[in-house]
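Using my numbering, read the sequence shown as starting at 385 and increasing by one per residue. Here's the structure we're looking at; comments come further down.
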Amino acid sequence: MKFFIDTASLAQIKEAQELGVLDGVTTNPSLMAKEGISGANAVLKHYVDICSIVDGDVSAEVIATDYDGIVREGEHLAALHPNIVVKVPMIRDGVKALKYFSNKGIRTNCTLIFSAGQALLAAKAGATYVSPFIGRLDDVSTDGVQLIEQIRVIYDNYAYPTEILAASIRHPMHIIQCAEVGADVATCPLSAITALFDHPLTTIGLEKFLSDHQKAAQKGVKA
Ligand code: G3P
């Protein structure tokens, strides 16, 4: 399973990249706003900055919601860097635009997916990725991971090449569950990725190895 980081923070992207397990980045207008990035030029420059840190797909979301606007904006974003994936919302004009981008060889990420039917439409329109938001489903008492499972079955039934990019991940167990049910990608906050490193028995075990090594070294000096 590929690991993407879900942030527009350059510091966090660099930190994740240095861990050696990062495959890409997803952003959205809320994450850009959180970093104080506003204005068309600043937003475009920020995407280029992200692409210079990570050698992997970087999702850049359109703001337009009409077909012509999505196409115009998406073509502009795609021209910024070969790793840019145009993120398009799951709306009627968005699905039409997915088809257009697919015919043009422009890669896409269909976002705001909350049902298997939406994922099916996006795959039929040729989306490169679909982003089911599992945390937001959990927030409304609906099993987000079950949606990933359902989409996996449908895509496998018909050999759709669209990759399932599990989004709105909140904690490390979401990552494990997504891996168990066959998500292709998990896009995560940095905290969920780094939480995977930790286990108390690893910490205790390492302390013991190091103290035993130290004791043996001291004995060696005395002998
Ligand atoms: O990639 C989409 C993601 O950013 C949404 O996450 O935590 O706002 O539901 P969240």
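Where a beta carbon is used, it is the ideal one built from N, C-alpha and C, also for glycine.
- A straight line joining the alpha-carbon of K488 with that of G510 spans about 11 Å.
- If the five residues before and after I560 are omitted, its C-beta is found closer than 7 Å to no C-beta atom of its own chain.
- Within the same chain, Cβ atoms closer than 6 Å to the Cβ of L496 are found at P473 and M474, the five residues on either side in sequence being excluded.
- Under DSSP, E445 takes part in a beta bridge, and its partners are K471.
- Selection around the ligand G3P by beta-carbon proximity, strictly under 7 Å to any non-hydrogen atom, yields D390, T410, N412, S414, L415, T495, S515, F517, G519, R520, A551, S552, R554 and T571 in chain order.
- Closest option to K386, judged by alpha-carbon separation, among V569, Y431 and V446: V569.
- Contact between the region 445 to 455 and the region 408 to 421 is present: three or more C-beta pairs spanning the two stretches fall below 8 Å.
- The closest CA to that of F388, considering only A576, V605, I532 and G604, is found on A576.
- For the 9 Å CB-CB criterion, I532 and P516 form a contact.
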